[in-house]
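Colleague: The sequence shown runs contiguously to residue 933 in the numbering used here. Sharing a structure here in structure tokens format.
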Amino acid sequence: MINTPTVQEASVQQKKMTIAIIGNPNTGKSTLFNLLSGGHAHIGNFPGVTVEKKVGSVTWGDRQIDLVDLPGTYSLAPRSIDEMLAVDVLLGRQKGVPQPDAIICIADASNLERNLYLFSQILDLSIPVVLVLNMYDLARSRGIEIDAQALSQKLNVPVVCTEAHHAKGVNELKAAILEIGTGSSHQPLALFPEVFYAERKLIREKIQENQENSPPDFLVDRLLLDVGGYVESYFEHHTHNGLMDDLHESRSRLKEAGYAVPAMEARMRYGWAREVLKDVLQHPPDQRETASDKIDRWLTHRIFGFLFFFVLMFFVFQSVFTWAGPAMDLIETGQGSIEGVVESVISPGPLRSLVVDGVIAGVGGVLIFLPQIVILYFFIAVLEDSGYMARAAFIMDRLMRSLGLSGKSFIPLMSSFACAVPGIMATRVIENRHERLTTILVAPLMSCSARWPVYTLFIAAFIPNIAYFTIAGSPVVTLQGMVLFAMSSIGALIAIPVAWFLKRVCFKGDVAPFVMELPGYKWPSPRNVIYRVYNRAKSFVVKAGTLIFATSIIIWAAGYFPGDHSEQFQIQNRIEAIDASLSELDEQIAAADEDKPAAMKELESQKEVLAAEQSALFERQNHVSSQLVESSFLGRAGHWIEPAVKPLGWDWKIGVGVIASFPAREVIISTLGTIYSLGGDVGEEDESLIGSIRSATWPDGSKVFNVPVAISIMVFFALCAQCAATLMVMRRETNSWFWPVVSFTYMTTLAYVGALISYQVGMLFI
Numbered sequence: 168m169i170n171t172p173t174v175q176e177a178s179v180q181q182k183k184m185t186i187a188i189i190g191n192p193n194t195g196k197s198t199l200f201n202l203l204s205g206g207h208a209h210i211g212n213f214p215g216v217t218v219e220k221k222v223g224s225v226t227w228g229d230r231q232i233d234l235v236d237l238p239g240t241y242s243l244a245p246r247s248i249d250e251m252l253a254v255d256v257l258l259g260r261q262k263g264v265p266q267p268d269a270i271i272c273i274a275d276a277s278n279l280e281r282n283l284y285l286f287s288q289i290l291d292l293s294i295p296v297v298l299v300l301n302m303y304d305l306a307r308s309r310g311i312e313i314d315a316q317a318l319s320q321k322l323n324v325p326v327v328c329t330e331a332h333h334a335k336g337v338n339e340l341k342a343a344i345l346e347i348g349t350g351s352s353h354q355p356l357a358l359f360p361e362v363f364y365a366e367r368k369l370i371r372e373k374i375q376e377n378q379e380n381s382p383p384d385f386l387v388d389r390l391l392l393d394v395g396g397y398v399e400s401y402f403e404h405h406t407h408n409g410l411m412d413d414l415h416e417s418r419s420r421l422k423e424a425g426y427a428v429p430a431m432e433a434r435m436r437y438g439w440a441r442e443v444l445k446d447v448l449q450h451p452p453d454q455r456e457t458a459s460d461k462i463d464r465w466l467t468h469r470i471f472g473f474l475f476f477f478v479l480m481f482f483v484f485q486s487v488f489t490w491a492g493p494a495m496d497l498i499e500t501g502q503g504s505i506e507g508v509v510e511s512v513i514s515p516g517p518l519r520s521l522v523v524d525g526v527i528a529g530v531g532g533v534l535i536f537l538p539q540i541v542i543l544y545f546f547i548a549v550l551e552d553s554g555y556m557a558r559a560a561f562i563m564d565r566l567m568r569s570l571g572l573s574g575k576s577f578i579p580l581m582s583s584f585a586c587a588v589p590g591i592m593a594t595r596v597i598e599n600r601h602e603r604l605t606t607i608l609v610a611p612l613m614s615c616s617a618r619w620p621v622y623t624l625f626i627a628a629f630i631p632n633i634a635y636f637t638i639a640g641s642p643v644v645t646l647q648g649m650v651l652f653a654m655s656s657i658g659a660l661i662a663i664p665v666a667w668f669l670k671r672v673c674f675k676g677d678v679a680p681f682v683m684e685l686p687g688y689k690w691p692s693p694r695n696v697i698y699r700v701y702n703r704a705k706s707f708v709v710k711a712g713t714l715i716f717a718t719s720i721i722i723w724a725a726g727y728f729p730g731d732h733s734e735q736f737q738i739q740n741r742i743e744a745i746d747a748s749l750s751e752l753d754e755q756i757a758a759a760d761e762d763k764p765a766a767m768k769e770l771e772s773q774k775e776v777l778a779a780e781q782s783a784l785f786e787r788q789n790h791v792s793s794q795l796v797e798s799s800f801l802g803r804a805g806h807w808i809e810p811a812v813k814p815l816g817w818d819w820k821i822g823v824g825v826i827a828s829f830p831a832r833e834v835i836i837s838t839l840g841t842i843y844s845l846g847g848d849v850g851e852e853d854e855s856l857i858g859s860i861r862s863a864t865w866p867d868g869s870k871v872f873n874v875p876v877a878i879s880i881m882v883f884f885a886l887c888a889q890c891a892a893t894l895m896v897m898r899r900e901t902n903s904w905f906w907p908v909v910s911f912t913y914m915t916t917l918a919y920v921g922a923l924i925s926y927q928v929g930m931l932f933i
């Protein structure tokens, strides 16, 4: 059955427009998009690429508008599939996004000639466009005068002046958009000589030999102009009729005619921009030194700028690490309170276990990351909006370039020391696809806070606390501290050759040239900062959180089934009944008459008997829980992998701990507590747990744990990808399961080899 739209629905469809927003980086594009969309935007990734997709659906007057925010770019000459996305959207070739009815091109009014390069390429698309001169107040403060009306007449397009950070000019921009009719178009620029268009015709004819549908003129232009670009690479792999030979011959003929590619494009477009701006743009007779220039003398200084950056990054890192602590503790407390309420309502059984150990623990496993994500993105939003983020990337570029990365990779990697989840999410500041993927793949190697309980337990149990340096009798440098530092640093050290390998072998090609304009400093917009932080937090909870939650449920089921839990539930029922009786006795003792010692003694005696019974029940419960874990699918998996982990010095119990810690590394502590019949609520510094692992033996009576085994476990956890949240966020950020699988595989292999070497070499000295 075919549904025919009503007259009213058809009217709405006719009025609906798709508007693409594009501009150079640091032109206030995101701020303007937020203002136009009113904060109502859907954020995700475009299919098949790592590029962020922001679409805001709004209604202006009687017209529905879909605003599509494209990544910041300096030109429409794509070098990678990610950069090709903007071109595909504008040409109507991107799945899920209709071809724009109009384009909003945002330019920095204080650097107009540079920004008109991109604008001239947009004019070649024949799509109606509105030119926005943003940061107009900054241009005026620098003595720059722009005749916007004369510029509009020269370009034959609407020109609107805005100050996005002050929300000025937004209504004028909306009015200019509404005046554009759907289906309208304009003639593209004809900047190039006739010989260029003749060569384009020849190349088009050659392409048509291989495919029925002829590509748009814009793509053929890009094929001719972008030497080694993405369009050339695409046609090289999809045509086999000598197109590449003809392409090289066309470029040679252009060079002989005095129009060498690719220099011709820059010369023509900048020449056009200068001609357009003649009599429209006036600079002050003397170049003024701006406040930003004065600040940059210090903040981009080779020495002071570097020191300031590290002090600032240390502050950000400490804030993420420490400020999040109370909020994370509050979430854990809230989780415990909710568990208590559920336990008071639902009697012991499979349903309670599912709700408490599966659902609530899974939700808690998602929310526990929120404080770190919110704090980190607050700082990133402030640094970006203030203009300092560009300086930070500039300062760190030289150091990171030695690893095949750019300066923009530093903040995500540094953030990963607190937690890889916000660190991976922070890679959105990296435009280059290969650099972003490399950063995502090495970020989990940074030793996050979740690994510290593992280090604390095994260092306390097996590393002697020898002091090598003291001050006033207080140890300053100890062996335990040195081992903790080594474990915390090993991942970062391994990340260096891994990043080098990825960039030299997997993602071949030179590091993308570091091109970034340093925007003027300004006070961050509170609205913009809050909007960015809110969307990042929401995106994590809604998208990645569902995957983390599902993983937690799966691990719970693996540890619960197929054992018979009837005795465990009976014990739990009796323990809770005793708890109620003890509470009643405490109330009776508090209300008892002190003049009746016999009655008081009787109550105390009853309390002692119940407490002794409860203590015995706890011991039995821990023993039963240990047996249930061993007989569960999780325990069977531990026995199954024991032959593989035995060369590391591990038994099946350690194997179970490793598998169970997949939702979160620190879970190994509670898992070992359960396996060793101590209960799942033990901490890494619990003396009973330390004593149990010290005394654990193999069937032949030999000790399971020693110093090499402890080092082996710590090295494994320092290098492995034992964190479902990290892998799920990686899946979310890359829009593919391929990269999480790659990360898990290579990191697990690294961890296994590192643990094997640590144990086998260590045993040579015992």
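We put the beta carbon where it would ideally sit given N, CA and C, even for glycine. Just so you know, these numbers come straight off a predicted model, no measurement behind them.
Buried or exposed: where does residue 364 fall if 16 or more other Cβ atoms within 10 Å of its Cβ makes it buried?
Modeller: The residue you call residue 364 lines up with position 197 of the sequence shown. Exposed.
Colleague: Rounding to the nearest angstrom, what Cα-Cα distance links residue 430 and residue 392 in this structure?
Modeller: Numbered from its first residue, the sequence shown carries residue 430 at position 263. Numbered from its first residue, the sequence shown carries residue 392 at position 225. Straight-line Cα distance between these residues: approximately 9 Å.
Colleague: Once DSSP output is grouped into helix, strand and coil, what is the label at residue 408?
Modeller: Position 241 of the sequence shown, counted from the start, is the residue given in the question as residue 408. Reduced to three states, the DSSP call for residue 408 is coil.
Colleague: Assuming residue 398 and residue 386 are in contact, meaning their beta carbons sit under 8 Å apart, how far apart are those beta carbons, in whole angstroms?
Modeller: Locating residue 398 in the sequence shown gives position 231, where the first residue counts as 1. Locating residue 386 in the sequence shown gives position 219, where the first residue counts as 1. Residue 398 to residue 386, Cβ: 6 Å. Contact.
Colleague: Taking DSSP's pairing of strands, which residues face residue 708 in a bridge?
Modeller: By 1-based counting over the sequence shown, the position of residue 708 is 541. According to DSSP, which records beta bridges pairwise, residue 708 is partnered with nothing at all.
Colleague: Only counting runs of 3 or more residues, tell me where the beta strand (DSSP E) segments fall wholly within the segment 627–654, in order along the chain.
Modeller: Taking only runs of at least 3 residues, the beta strand (DSSP E) segments lying wholly in the segment 627–654 are 634–638 and 641–645.
Colleague: Taking three-plus beta-carbon pairs below 8 Å as touching, is the segment 894–901 in contact with the segment 787–795?
Modeller: Taking 8 Å as the limit for Cβ pairs, the verdict is that the segment 787–795 does not touch the segment 894–901.
Colleague: Could you name the residues of the same chain whose beta carbon sits closer than 7 Å to that of residue 923, not counting the 5 residues immediately before and after it, in chain order?
Modeller: Indexing the sequence shown from 1 puts residue 923 at position 756. Around residue 923: 814 and 815.
Colleague: What is the rounded straight-line gap between the Cα of residue 712 and the Cα of residue 308?
Modeller: Counted from its first residue, the sequence shown places residue 712 at position 545. Counted from its first residue, the sequence shown places residue 308 at position 141. Residue 712 and residue 308: Cα-Cα distance of roughly 46 Å.
Colleague: Can a CB atom of chain C be found closer than 7 Å to the CB of residue 887?
Modeller: Reference to chain C is not applicable here, since this structure consists of a single protein chain.
Colleague: With DSSP as the reference, label residue 356 as helix, strand or coil.
Modeller: Position 189 of the sequence shown, counted from the first residue, corresponds to residue 356. Correct three-state label for residue 356: coil.
Colleague: When you compare the CB positions of residue 800 and residue 725, do they come within less than 7 Å of one another, or not?
Modeller: Looking up residue 800 in the sequence shown gives position 633. Looking up residue 725 in the sequence shown gives position 558. Cβ distance < 7 Å, so residue 800 and residue 725 count as in contact.
Colleague: Any idea which residues DSSP pairs residue 313 with across the strands?
Modeller: In the sequence shown, residue 313 corresponds to position 146, counting from 1. Answer by DSSP bridge pairing, in chain order: 448.
Colleague: Does the structure place the segment 276–293 close enough to the segment 198–205 that three or more beta carbon pairs sit under 8 Å?
Modeller: At 8 Å Cβ cutoff, the stretches do not touch.
Colleague: Given that a residue counts as buried once 16 or more other Cβ atoms are within 10 Å of its Cβ, and exposed if not, what is residue 727?
Modeller: For this step, residue 727 is matched to residue 560 along the sequence shown. Its Cβ being crowded by 16 or more others within 10 Å, residue 727 is buried.
Colleague: Identify the continuous alpha helix (DSSP H) that holds residue 226 and give its terminal residues.
Modeller: Translated into positions along the sequence shown, residue 226 becomes position 59. Where residue 226 is concerned, there is no enclosing alpha helix (DSSP H), although the beta strand (DSSP E) it sits in stretches over 219–227.
Colleague: Assuming residue 267 contacts residue 186 (C-beta within less than 8 Å), just tell me the rounded distance between them.
Modeller: Residue mapping note: residue 267 aligns to position 100 of the sequence shown, counting from 1. Residue mapping note: residue 186 aligns to position 19 of the sequence shown, counting from 1. Going by Cβ atoms, the distance from residue 267 to residue 186 rounds to 6 Å, so yes, they are a contact pair.
Colleague: Residues in the same chain with beta-carbon distance under 7 Å from residue 533, minus the five sequence neighbours each way, listed in chain order, please.
Modeller: What you label residue 533 is simply residue 366 of the sequence shown in a count that begins at 1. Within the same chain, residue 533 has close Cβ partners 708, 712, 715 and 716.
Colleague: Where does residue 739 sit, in a helix, a strand or coil, going by DSSP?
Modeller: Within the sequence shown, residue 739 is the residue found at index 572, counting from 1. The answer is helix: DSSP assigns residue 739 an H, G or I state.
Colleague: From which residue to which residue does the beta strand (DSSP E) around residue 234 run?
Modeller: Within the sequence shown, residue 234 is the residue found at index 67, counting from 1. 230–236 is the extent of the beta strand (DSSP E) around residue 234.
Colleague: Give me the Cα-Cα distance between residue 617 and residue 586, rounded to the nearest whole angstrom.
Modeller: As a first step, residue 617 is located in the sequence shown; it is residue number 450 there, counting from the start. As a first step, residue 586 is located in the sequence shown; it is residue number 419 there, counting from the start. Rounded to whole angstroms, residue 617 to residue 586 spans 8 Å at the Cα level.
Colleague: Would you mind sorting residue 884 into buried or exposed? The rule is 16 or more other CB atoms within 10 Å of its CB.
Modeller: Residue 884 sits at position 717 when you count from the first residue of the sequence shown. It is buried - the Cβ of residue 884 has at least 16 other Cβ atoms within 10 Å.
Colleague: Mind pulling the alpha helix (DSSP H) runs of 4 or more residues that sit fully within the segment 536–568?
Modeller: Taking only runs of at least 4 residues, the alpha helix (DSSP H) segments lying wholly in the segment 536–568 are 537–553 and 555–568.
Colleague: If residue 687 sits next to residue 554, beta carbons under 8 Å apart, how far is it from one beta carbon to the other, in whole angstroms?
Modeller: Indexing the sequence shown from 1 puts residue 687 at position 520. Indexing the sequence shown from 1 puts residue 554 at position 387. Their Cβ separation, rounded to whole angstroms, is 6 Å, which keeps residue 687 and residue 554 in contact under 8 Å.
Colleague: Is it buried or exposed, residue 819, if we count other Cβ atoms within 10 angstroms and call 16 or more buried?
Modeller: Along the sequence shown, one-based indexing puts residue 819 at 652. The residue in question, residue 819, is buried, as its Cβ has 16 or more Cβ neighbours within 10 Å.
Colleague: Around the Cβ of residue 515, are there at least 16 other Cβ atoms within 10 angstroms (buried) or fewer (exposed)?
Modeller: Against the sequence shown, residue 515 aligns to sequence position 348. By the 10 Å Cβ count, residue 515 comes out buried.
Colleague: Along the chain, which unbroken stretches of the beta strand (DSSP E) at least 3 residues long are found entirely within the segment 234–307?
Modeller: The qualifying runs are 269–275 and 296–301.
Colleague: Would you tell me roughly how many angstroms separate the C-alpha atoms of residue 855 and residue 864, rounded to the nearest one?
Modeller: Position 688 of the sequence shown holds residue 855. Position 697 of the sequence shown holds residue 864. Straight-line Cα distance between these residues: approximately 16 Å.
Colleague: Identify the residues that DSSP records as bridge partners of residue 864: which are they?
Modeller: Along the sequence shown, read from residue 1 onward, the residue named residue 864 stands at position 697. BP columns for residue 864 point to 870.
Colleague: For residue 738, is the classification buried or exposed, using 16 other Cβ atoms within 10 angstroms of its Cβ as the cut-off for buried?
Modeller: Within the sequence shown, residue 738 is the residue found at index 571, counting from 1. By the 10 Å Cβ count, residue 738 comes out buried.
Colleague: Taking 8 Å as the threshold, find out whether the segment 594–608 comes into contact with the segment 621–629 through three or more Cβ pairs.
Modeller: Segments in contact, no.
Colleague: Could you give the DSSP three-state label for residue 673: helix, strand or coil?
Modeller: For the purposes of this step, residue 673 is taken as the residue at position 506 of the sequence shown. Three-state DSSP puts residue 673 in a helix.
Colleague: Output needed for residue 939: all residues of its chain with C-beta closer than 8 Å, excluding positions within five of it in sequence on either side, in chain order.
Modeller: No statement about residue 939 is possible, as the shown extent of the chain runs from 168 to 933 and does not include it.
Colleague: Counting only the same chain and skipping the five closest in sequence on each side, list residues whose C-beta sits under 7 Å from that of residue 904.
Modeller: As a first step, residue 904 must be located in the sequence shown, where it is residue number 737. So the qualifying residues of the chain are 898.
Colleague: Any idea if residue 481 is buried or exposed, counting beta-carbon neighbours within 10 angstroms, 16 or more meaning buried?
Modeller: Indexing the sequence shown from 1 puts residue 481 at position 314. With fewer than 16 other Cβ atoms within 10 Å, it is exposed.
Colleague: Would residue 573 be called buried (16 or more neighbouring beta carbons within 10 Å of its own) or exposed?
Modeller: The count along the sequence shown starts at 1 and reaches residue 573 at position 406. Answer is buried; the Cβ neighbour count reaches 16.
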